[in-house]
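UniProt numbering puts the first residue of the sequence shown at 1, with every later residue one more than the last.
Structure first, then comments.
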Amino acid sequence: MTHRIAIIGASGYTGAELLRLIATHPEMEVAALAANSKVGQQMAQVFPHLRHMDLPPLVTWEEIDFDGIDLCFCALPHKTSQEVISKLPRGLKIVDLSADFRLTDTGAYERWYGNPHAAAEMQQEAVYGLTEFYREEIRAARLVAGTGCNAATGQFALRPLIAGGVIGLDDIILDLKCGVSGAGRSLKENLLHAELSEGTNAYGVGGTHRHLGEFDQEFSKLAGREVRVQFTPHLLPMNRGILATVYVSGDPAAVHAALSEAYAAEPFLQVLPMGEMPSTHHVRGSNFCHVGVSGDRVSGRTIVIAALDNLTKGSSGQAVQNANLMLGVEETAGLMLAPCFP
Numbered sequence: 001m002t003h004r005i006a007i008i009g010a011s012g013y014t015g016a017e018l019l020r021l022i023a024t025h026p027e028m029e030v031a032a033l034a035a036n037s038k039v040g041q042q043m044a045q046v047f048p049h050l051r052h053m054d055l056p057p058l059v060t061w062e063e064i065d066f067d068g069i070d071l072c073f074c075a076l077p078h079k080t081s082q083e084v085i086s087k088l089p090r091g092l093k094i095v096d097l098s099a100d101f102r103l104t105d106t107g108a109y110e111r112w113y114g115n116p117h118a119a120a121e122m123q124q125e126a127v128y129g130l131t132e133f134y135r136e137e138i139r140a141a142r143l144v145a146g147t148g149c150n151a152a153t154g155q156f157a158l159r160p161l162i163a164g165g166v167i168g169l170d171d172i173i174l175d176l177k178c179g180v181s182g183a184g185r186s187l188k189e190n191l192l193h194a195e196l197s198e199g200t201n202a203y204g205v206g207g208t209h210r211h212l213g214e215f216d217q218e219f220s221k222l223a224g225r226e227v228r229v230q231f232t233p234h235l236l237p238m239n240r241g242i243l244a245t246v247y248v249s250g251d252p253a254a255v256h257a258a259l260s261e262a263y264a265a266e267p268f269l270q271v272l273p274m275g276e277m278p279s280t281h282h283v284r285g286s287n288f289c290h291v292g293v294s295g296d297r298v299s300g301r302t303i304v305i306a307a308l309d310n311l312t313k314g315s316s317g318q319a320v321q322n323a324n325l326m327l328g329v330e331e332t333a334g335l336m337l338a339p340c341f342p
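Spelled out as structure tokens, the structure:
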């Protein structure tokens with residue numbers, strides 16, 4: 001069975017990544033594409049690497065006839081996304097890639113994103129889109145909220161450890177490096193080649209990064225008590241990839257065992273042999289996440305390192321994985337592409 005798909009916000013990096021994945025999906029067909037800033041253009045003009053695909057022209061989202069559309073991916077910025085989604089047909093299945101429906105507490109959303117939630121009533125039906133941990137809820141959902149790419153990486157490293165009670169909860173340190181595509185396609189001075197290349201910098205320092213809202217929500221829910229991690233992201237002059245280094249108190253063997261058990265049956269989560277470390281090179285362009293564990297020279301301390309592609313497993317690949325569940329399609333459909341190396 002072929003499912004007809006619409007993408008709103010198709011001219012951004014996550015929109016292009018959705019199309020790259022759908023190109024080899026056995027049960028998805030792109031029926032409509034919207035991108036207000038590129039209206040009237042063909043995708044071959046916006047993204048020449050997709051010129052081999054037979055795709056509809058870009059229109060405004062208001063021009064899309066949603067009759068016959070089975071699912072819509074919404075790849076818009078936060079704030080804009082909730083305003084658009086609130087106007088879409090009520091029966092339409094939606095996977096939102098923005099931050100707008102990730103936080104169940106709309107007050108927390110306002111604190112982290114600086115504006116009141118414009119579709120608070122819809123927040124109540126949204127399911128958090130970390131597929132491996134909300135699979136059954138996603139399968140039955142109408143609206144799924146994709147996670148932040150940084151938030152997904154940190155959670156893959158930590159959720160089984162918090163749930164299993166094998167680490168201390170009051171001294172978790174998460175140091176993360178992210179490629180520049182995580183900041184989106186909009187022009188920003190600090191992302192110009194001359195400003196970014198040959199250097200790196202921390203941002204969101206001191207507990208100001210918005211993905212902390214997701215960590216607070218998800219880790220505290222898991223633990224049944226407040227959990228606040230120390231989190232510092234860094235911007236690296238690479239196009240794709242996230243590498244998260246997590247420092248925890250706990251026995252390395254117990255940590256490795258908890259992760260191995262949690263992900264033993266997961267097609268996209270690969271726990272490496274003890275002491276082997278992942279690289280962003282090894283997951284580039286794929287829906288895989290690699291997780292490594294090492295002991296530290298300080299007794300009772302453990303280092304967990306997770307790597308994924310921010311545009312694939314961290315965003316658009318996750319979105320397709322969730323859409324597969326929502327549509328009753330094999331979860332791995334369109335997503336078993338091998339990583340691109342070198």
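Each residue gets a CB set at the ideal place from its N, CA and C atoms; glycine is no exception.
Starting from residue i, trace the beta strand (DSSP E) in both directions and tell me its first and last residue.
i	result
Met-238	Here Met-238 belongs to no beta strand (DSSP E), and DSSP marks it neither H nor E.
Gln-270	269-271
Leu-174	173-178
Met-28	28-34
Ala-140	Unbroken run through Ala-140: none, as it is neither H nor E.
On the DSSP bridge assignment, give the partners of residue i in chain order.
i	result
residue 400	With the chain running from 1 to 342 in the structure shown, residue 400 is simply not present.
Phe-231	Leu-174
Phe-73	Ile-7 and Val-95
Ile-85	DSSP, once it has assigned bridges, lists no residue as partnering Ile-85.
His-290	Gln-270 and Ala-307
Leu-58	Leu-33
Tyr-128	Ala-145
Check whether the Cβ atoms of residue i and residue j sit closer than 8 Å, and answer yes or no.
i	j	result
Gly-146	Leu-76	no
Asn-310	Gly-154	no
Ala-10	Leu-88	no
Leu-161	Val-255	yes
Ile-8	Asn-150	no
Leu-143	Glu-125	yes
Pro-26	Ala-319	no
Met-277	Gly-300	no
Val-298	Pro-339	no
DSSP on residue i, reduced to helix/strand/coil?
i	result
Ile-5	strand
Gly-222	Residue 222 is actually Leu in this sequence, not Gly. Helix at Leu-222.
Lys-340	Inspection of the sequence shows that residue 340 is occupied by Cys rather than by Lys. Cys-340: coil per DSSP, three-state reduction.
Ile-162	helix
Ile-305	strand
Gly-328	coil
Gly-317	helix
Gly-334	coil
Val-46	helix
Gly-295	strand
Ser-186	coil
Return the first residue and the last residue of the alpha helix (DSSP H) that residue i is part of.
i	result
Val-255	252-262
Tyr-247	No alpha helix (DSSP H) contains Tyr-247, which is instead part of the beta strand (DSSP E) from 242-249.
Pro-123	It is Gln, not Pro, that sits at residue 123 in the sequence shown. Its alpha helix (DSSP H) spans residues 120-123.
His-193	193-196
Glu-276	Unbroken run through Glu-276: none, as it is neither H nor E.
Leu-18	13-22
Whole-angstrom Cβ separation of residue i and residue j, contact assumed at under 8 Å?
i	j	result
Phe-341	His-290	Actually they do not touch by this definition, with Cβ atoms about 12 Å apart.
Ser-181	Arg-240	6 Å
Met-28	His-3	5 Å
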